[in-house]
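Quick notes on the structure that follows.
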Amino acid sequence: MSDEPHRALEVEGLTVTYRRGQGSLDAVRNVSLRIAEGQAYGLVGESGSGKSTLALAIMQYLPENGLISGGAIRLAGQELATLPGEQMRQVWREQIKLVPQDPGSSLNPSLRIGDQLDEALSDGGETRGGVRERSLEQLRQVHIADPERVAASYPHQLSGGMQQRVLIAMALAGQPSLLILDEPTTNLDVTTEAAILDLVCELVQSHQTAMLYVSHNLAVVAAVCDRIAVLYAGELVEDLTPEQLRSQPLHPYTVGLLDSLPRVGQRAGVDPLLPIAGNMPRLDEVPAGCVFAPRCPIALQLCHELRPDLEATQQGSLVRCHRWREIQAGAVDLRAARPANVTAPDESLSGKIALETKDLVKHFPVRRSLREALRRTPPRSVHAVDDVSLQVGQRRTLGLVGESGSGKTTTARCIVGLVERTGGEVSLFDIALAPGLDGRDAAVLHRLQMVFQNPEEALNPHRTVGDVLQRSLERMRGLGKTEARQQAGRLLEAVRLPPSYLDHTPGQLSGGEKQRVAIARAFASNPDVLILDESVSALDVSVQASILNLLTDLQSEQGSAYLFISHDLAAVSYLADDIAVMYLGQVVEIGPTEQVLQPPFHPYTEALLSAVPRIDAAAGIERILLSGDLPSAVDPPGGCRFHTRCPRLLGEICRTQAPPWQQAAPGHRYRCHIAPNELAAMQSPAFRDHITTVSP
Amino acid sequence: MSRYIARRLLFLLLTLLLTSMIIFVVTQWLPGDVARVILGREASEPALAALRAELGLDQPLPLQYVSWLGRFLTGDWGTSYSTGEPVRALVLERAGNSMMLAGLTLLIAVPLSLLLGVVAGLKADKPLDATISIGSLAVVGLPEFVTGLILIEVFAFRLHLFPANSSIRPGTGFFEALPQLVLPALTATFVLLAYVTRLTRAGVVEEMRQGYVRTATLKGLPRRTVVGRHVLRNALLPTITVLAISFGWLIGGLIVIENVFNYPGLGRLMTFAIDRRDLPLMQAITLITVLAFALANLGADLLYAGLNPRIRLE
């Protein structure tokens, strides 16, 4: 037994190794951490940091080629690494539970929720009815209002947030002593994420369970956890409290992560992000000295030669850096060494409207069943986009935000012609665009380009980067072979990639580099308008920051107009001059970024803003939780479409009458029955993060 | 679910109607003058005209089809040109034999190939998986008449376990016919085995990678529960469809096997009918085979829907 019984989990010098071919690679090296009962411990790192490997190793659920090659894992004093399979099964059953990243695929699609829950709860000695009663109780505990209906449902009938609640309910069955959450909110909408995070905090407190919260998002972890471990290239580089993270992080990587994370209200031209240069080293190329030295802005010769130890500070944090004392004393400036290179957009050059949509409508017909067709039920349709009017000026960026299902992507696809609109107009510099690609001139197509979310799917894996760019240049600008080759080199330079990459295939590039290539290709035709659909959402924060800055730079060089679509309000506000907020196919608020981010705002915008996880949990911000799920777009609610979830519902008028546009300020409009001055009086002005550019 | 079943049944009827039209057009109308086919080259023009009138061949085509279909549905399947017997009794007798053979084949092939497939899938890329894959592929590589003859040589001539000739008499029941069914059923099993095994293996490998398997394992469920309760119902979905198609093939397509073993099934009756240009016989056999295919598919669809709520609830 352990001499420290209050420690729920102790990990000592853990090393996890993957066998690959003849060799082996250490994905996690010499990591130690301790979690007490009732403590929430955050594990943060970007992809490749080893955080998921660490979590799986603790669970004893490594892939077949992975093994624990050193160290110990003790759960309530019991060593797990050497536990035989049958006993480990008991540990899984009773003591250690996982809430996975992707709730959709983590539930069996062909079994009812109730049966899947019963299975986790049943210990064999109980009647079925008794087990089901406890399952329903478990669902109530995660605030599911109608547990009977949910228990009788199949996973695909529930929303992502509801599925994740079910998995949390499942994980809390039998009062586990350790709960591991692996990116539990990563694929959820921000409003859903906020509700799940609140739930997790509440449950951990009421159950006194030890929790390990794995995430790439520092803001989320800082909001939920009592202590945070930062992992880089398989090593623990800093271990600190959220307060220390906010006030004085000591490791250059932690600082780099913080500086890469856009905050709501932070603007590219005013207060640029400071991304970390370079990429996370591959497992087979881990540097001999400090693992972060190749990317560190203040690395010394010593750093490249000698690996630093994890040292304890007077404040009780742990840091693995040769220069932490200097950083603590303020003797080195981490930021001065990392120029942001962001050129503020020259406002004087903007002028004409580059892209305009007028009353854009897209309805997808819903197939009628045979019976409906025989009874002549009128055909129904999904109101994906309804009367969306947008304008993007030359050299300006319009941000389009909203939850999934709000119609952002369909709007973009209608504009580029991938989806044929049902009604309304789209024009590019006064040229009216046909609904479909077939009706559009090649020249017009070239002036309107799009960058997608997933560069893996957008690039042909068998062609080199040079081929991809060259082809685009030949086809879209009509260049000859040699000239196209030269221009391809210049395009790569523009997206800050070395010319040697011309001969690389996409498989040899990291995710961020691939997205740079996709952007370079989009710029091959010198487009007037570039549509970016969640183009940075899947990238690590440090990579995302450098792409955001790159986009800003390219815009001031080339003068393109951007339509920047994202569910991430912080990223949108960083880049966009204007923001349009969409809900259920309609624009509910539109205006200059500065205006949209302060009251009065549409109640939906207010809820979105309040849900954004933020590092500096600014005082006085109360999360406004939206009730229920997004209604179906087949029969959108009458009156105001938001009325079913609106926290500021007035009454009958909202249910029956479509709200008018209210003018909040010049160019700033929102669609609501509440007048601007009344709305402003209700709303808290404290939503924007304090942009106190943490002075060194 | 009942709406789903109703819709599938409607589709089934439409399928049968459409195939009956095709069969009618191909056999009754296209081969030229049926009266001349029946009466022969030397027949006189008045005799031909009389027969055409008797068979209704002077009527417009749609009318001919409707009356043909009506007769078929009321049980009058016509008389065989070559034997002069009523077609219905002959075809139903042979269809019963084919059902017996198909039944025994599935009884052997389904558990065997599912077992092999699941084991191979769970032990993917291990020696056992390689053994199963190579073994089943080696068997499927041999043509049916080769495996059939090898089985006859080993089990009939050397070991004297089963008869080499499977020509059962009309009216023989399943258990009575069992010894004579074993070798043809084994031959057909060999044809199906590799295919169904590979498909099942692929399904299991695919499903074992899914997140819900991890969820189930980390609930602390024993492995047999994880596989039996969670994996199989998803992994076997594609296999079910393929087995349904195999059933149709077993009913109407075992021409080679039935000939090797001299087994009186529909396949051999079909070759007989084709040899003699026996149109009523061909029509009836084809329609029965199509019916078997369609019913097997309906069964598979319903089973599929029973296991897969995403289909059922749509």
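Top line first, the protein sequences correspond to chains V and D. Number 1193 marks the last residue of the first sequence (my numbering); no jumps. Number 487 marks the last residue of the second sequence (my numbering); no jumps. Here a beta-carbon is modelled for each residue, glycine too, at the ideal position from N, C-alpha and C.
Alpha helix (DSSP H) segment containing residue i, residue limits
| i | result |
| --- | --- |
| lysine 548 (chain V) | 548 to 556 |
| proline 493 (chain D) | With chain D covering only 174 through 487, there is no way to say anything about residue 493 (chain D). |
| phenylalanine 434 (chain D) | 428 to 434 |
| asparagine 1046 (chain V) | 1038 to 1055 |
| glutamate 735 (chain V) | Unbroken run through glutamate 735 (chain V) is the beta strand (DSSP E), 732 to 737; no alpha helix (DSSP H). |
| lysine 594 (chain V) | Looking at the DSSP string, lysine 594 (chain V) is not in any alpha helix (DSSP H); the run it does join, the beta strand (DSSP E), is 593 to 596. |
| alanine 282 (chain D) | 260 to 295 |
| valine 377 (chain D) | 347 to 381 |
First through last residue of the beta strand (DSSP E) which encompasses residue i
| i | result |
| --- | --- |
| histidine 1165 (chain V) | 1165 to 1168 |
| aspartate 1030 (chain V) | 1026 to 1030 |
| isoleucine 1087 (chain V) | 1083 to 1089 |
| tyrosine 1080 (chain V) | 1075 to 1080 |
| alanine 1196 (chain V) | For residue 1196 (chain V) there is no data in the structure shown, the boundaries of chain V being 498 and 1193. |
| serine 712 (chain V) | 707 to 712 |
Residue from the options whose Cα sits closest to the Cα of residue i
| i | options | result |
| --- | --- | --- |
| arginine 441 (chain D) | D:Val429, D:Tyr368, D:Leu460 | D:Val429 |
| proline 794 (chain V) | V:Glu808, V:Val767, V:Thr751, V:Arg804 | V:Thr751 |
| glutamate 509 (chain V) | V:Ala828, V:Arg609, V:Ile570 | V:Ile570 |
| glutamine 1180 (chain V) | V:Leu1060, V:Glu1119, V:Thr979 | V:Glu1119 |
| cysteine 818 (chain V) | V:Gln950, V:Arg865, V:Glu735 | V:Glu735 |
| threonine 874 (chain V) | V:Val863, V:Val882, V:Asp884 | V:Val863 |
| asparagine 684 (chain V) | V:Pro1163, V:Glu1031, V:Ala524, V:Ala1058 | V:Glu1031 |
| leucine 476 (chain D) | D:Ile447, D:Phe466, D:Ile413 | D:Ile413 |
| valine 1026 (chain V) | V:Ala1058, V:Gly975, V:Arg1018 | V:Ala1058 |
| alanine 552 (chain V) | V:Cys698, V:Leu530, V:Gln536, V:Asn562 | V:Leu530 |
| leucine 480 (chain D) | D:Ser253, D:Gly248, D:Leu409, D:Leu274 | D:Leu409 |
| phenylalanine 789 (chain V) | V:Val727, V:Gln741, V:Asn1023 | V:Val727 |
For residue i, three-class secondary structure by DSSP
| i | result |
| --- | --- |
| glycine 248 (chain D) | coil |
| isoleucine 562 (chain V) | The question names isoleucine, but residue 562 (chain V) is asparagine in the sequence shown. Reduced to three states, the DSSP call for asparagine 562 (chain V) is coil. |
| methionine 777 (chain V) | coil |
| proline 784 (chain V) | coil |
| proline 489 (chain V) | Residue coverage of chain V in this structure runs from 498 to 1193, which leaves residue 489 (chain V) outside it and unanswerable. |
| glutamate 922 (chain V) | strand |
| valine 992 (chain V) | coil |
| alanine 1116 (chain V) | Reliability of the predicted coordinates at alanine 1116 (chain V) is poor, the pLDDT of 46 falling under 50, and the value obtained from them is presented with this limitation in mind. Of the three classes helix, strand and coil, the one that applies to alanine 1116 (chain V) here is coil, per DSSP. |
| alanine 642 (chain V) | coil |
| leucine 186 (chain D) | helix |
| valine 829 (chain V) | coil |
| asparagine 527 (chain V) | strand |
| histidine 1187 (chain V) | Residue placement at histidine 1187 (chain V) is poorly supported in this model, since its pLDDT is 41, which falls under 50; the coordinates still yield a value, given next. Three-state result, histidine 1187 (chain V): coil. |
| serine 521 (chain V) | strand |
| threonine 624 (chain V) | coil |
| arginine 631 (chain V) | helix |
| lysine 905 (chain V) | helix |
| serine 488 (chain D) | Residue 488 (chain D) is absent from the model: chain D starts at 174 and stops at 487. |
| glutamine 661 (chain V) | helix |
| glutamine 237 (chain D) | helix |
| glutamine 1005 (chain V) | helix |
| leucine 315 (chain D) | coil |
| aspartate 1061 (chain V) | The question names aspartate, but residue 1061 (chain V) is phenylalanine in the sequence shown. Correct three-state label for phenylalanine 1061 (chain V): strand. |
Residue i CB to nearest heavy atom of the ligand MN below 7 angstroms
| i | result |
| --- | --- |
| valine 734 (chain V) | As far as ligands go, the structure on display features none, and thus does not contain the ligand MN. |
9 angstroms Cβ cut-off: residues of chain B touching residue i
| i | result |
| --- | --- |
| glycine 393 (chain D) | In the structure shown, chain B does not exist; the protein chains are V and D. |
message: For the pair the stretch 750 to 767 of chain V and the stretch 1039 to 1059 of chain V, tell me if three or more CB-CB distances fall below 8 angstroms.
response: yes
task: Pull out every residue of the stretch 374 to 391 of chain D whose Cβ sits closer than 8 angstroms to any Cβ of chain V, in chain order.
output: Gln383, Gly384, Tyr385, Arg387, Thr388, Ala389, Thr390, Leu391
message: Quick test of the definition: if touching needs 3 or more C-beta pairs under 8 angstroms, does the stretch 357 to 366 of chain D touch the stretch 311 to 321 of chain D?
response: yes
message: When you compare the stretch 881 to 893 of chain V with the stretch 1062 to 1069 of chain V, are there three or more beta-carbon pairs, one atom per stretch, that lie closer than 8 angstroms?
response: no
message: Closer than 8 angstroms between beta carbons: that is the criterion. Which residues of the stretch 614 to 628 of chain V meet it against chain D?
response: Glu616, Ala617
Near-chain V residues of the stretch 470 to 481 of chain D (beta-carbon distance less than 9 angstroms), N- to C-terminal order: Leu480, Asn481
query: If you measure beta-carbon to beta-carbon, which residues of the stretch 531 to 560 of chain V are closer than 8 angstroms to chain D?
result: Met556, Tyr558
Sufficient close CB pairs (3 or more, under 8 angstroms) joining the stretch 636 to 646 of chain V to the stretch 567 to 582 of chain V: The stretch 636 to 646 of chain V is not in contact with the stretch 567 to 582 of chain V.
field: contact_flag[the stretch 960 to 967 of chain V, the stretch 984 to 1004 of chain V] where n(CB pairs < 8 angstroms) is 3 or more
entry: yes
field: Contact set between the stretch 639 to 669 of chain V and chain D, restricted to residues whose Cβ is under 7 angstroms from the partner
entry: Tyr651, His653
message: For the stretch 1081 to 1100 of chain V against the stretch 1123 to 1137 of chain V, do three or more pairs of beta-carbon atoms, one drawn from each stretch, fall closer than 8 angstroms, so that the two count as touching?
response: yes
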